[in-house]
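Engineer:
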Amino acid sequence: MRLLKLPPIVLFGVSLALAQSVAAEPNIAVVDAETAIGNTVEAQQFLEVLQQELSGDREVLEGLQTEIQELQQRVTDEGDVMSDTERRGITKEIEDKRLELEFNATKYQKELEDRQREFLTSMSPKFQAVLNDLIQVERYDFVLGARTVMFANMRHDITAKITEKLNEQYAEAE
Numbered sequence: 410m411r412l413l414k415l416p417p418i419v420l421f422g423v424s425l426a427l428a429q430s431v432a433a434e435p436n437i438a439v440v441d442a443e444t445a446i447g448n449t450v451e452a453q454q455f456l457e458v459l460q461q462e463l464s465g466d467r468e469v470l471e472g473l474q475t476e477i478q479e480l481q482q483r484v485t486d487e488g489d490v491m492s493d494t495e496r497r498g499i500t501k502e503i504e505d506k507r508l509e510l511e512f513n514a515t516k517y518q519k520e521l522e523d524r525q526r527e528f529l530t531s532m533s534p535k536f537q538a539v540l541n542d543l544i545q546v547e548r549y550d551f552v553l554g555a556r557t558v559m560f561a562n563m564r565h566d567i568t569a570k571i572t573e574k575l576n577e578q579y580a581e582a583e
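Plus 409 on top of the position in the sequence shown (first one is 1) and you've got our numbering.
1. Which word fits E487, buried or exposed, when buried means at least 16 other C-beta atoms lie within 10 angstroms of its C-beta?
2. Just checking, does the stretch 460–469 make contact with the stretch 496–503 on the three C-beta pairs under 8 angstroms criterion?
3. Once the 5 residues before and after I477 are set aside, which same chain residues still bring their CB inside 8 angstroms of it?
4. Spatial neighbours of E462 within its chain, please: C-beta separation below 8 angstroms, excluding the five flanking residues on both sides.
5. Assuming A445 contacts F536 (C-beta within less than 8 angstroms), just tell me the rounded distance between them.
6. Using only the alpha-carbon positions, how far apart do H565 and D542 sit?
7. With DSSP run on the structure shown, which of helix, strand or coil describes L575?
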């Protein structure tokens, strides 16, 4: 096997180039997409509207809870003087109201989650566009999801930057 004889200057240049590529730190960012979107003005307005739209359902839940508490209190206060039939009737009414409360609470929670998921889905293209712009401007080598990273120094977190850019876009659109 024959070794090539390279001039020392070439060897020095190659080693310098390798050292620089090894020494160059990758530009890494971490982002929490849900937080970035959730902290926007648009998200806050969406939540206010959603709460108003679902306030009737929430009032039904609160009313059922109050009725259950009143019936339980009645059994506690008057249980000694109630007939067995009356006590069983109230106990059945409490159970029926609990089932109704459980059903309505599940329905309310599902509606809330579905609407929030729809909002996040509608914001996804805006988020992705802002993220892509930041990747180009800041020249990130890696952008990692904050929920998949065990630890990240806060200087790598670009969540607030993305929220700020989304707010700027929203303000321009209004």
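Backbone N, C-alpha and C fix where the C-beta goes; we use that ideal spot for every residue, glycine too.
Values in this document were obtained by computation on a predicted structure and should not be read as measured data.
Structural biologist: Straight from the coordinates:
1. Counting from 1 along the sequence shown, the entry for residue 487 is found at position 78. By the neighbour-count rule (16 or more Cβ atoms within 10 Å), E487 is not buried but exposed.
2. no
3. Position 68 of the sequence shown, counted from the first residue, corresponds to residue 477. Same-chain partners within the cutoff: I503, K506, R507, L510.
4. On the sequence shown, residue 462 is found 53 positions in, with the first residue counted as 1. Excluding positions up to five away in sequence, the list is empty.
5. Stepping through the sequence shown from its first residue, residue 445 is reached at position 36. Stepping through the sequence shown from its first residue, residue 536 is reached at position 127. Right, their Cβ atoms sit about 7 angstroms apart.
6. Against the sequence shown, residue 565 aligns to sequence position 156. Against the sequence shown, residue 542 aligns to sequence position 133. Each residue's alpha carbon lies about 16 angstroms from the other.
7. By 1-based counting over the sequence shown, the position of residue 575 is 166. Of the three classes helix, strand and coil, the one that applies to L575 here is helix, per DSSP.
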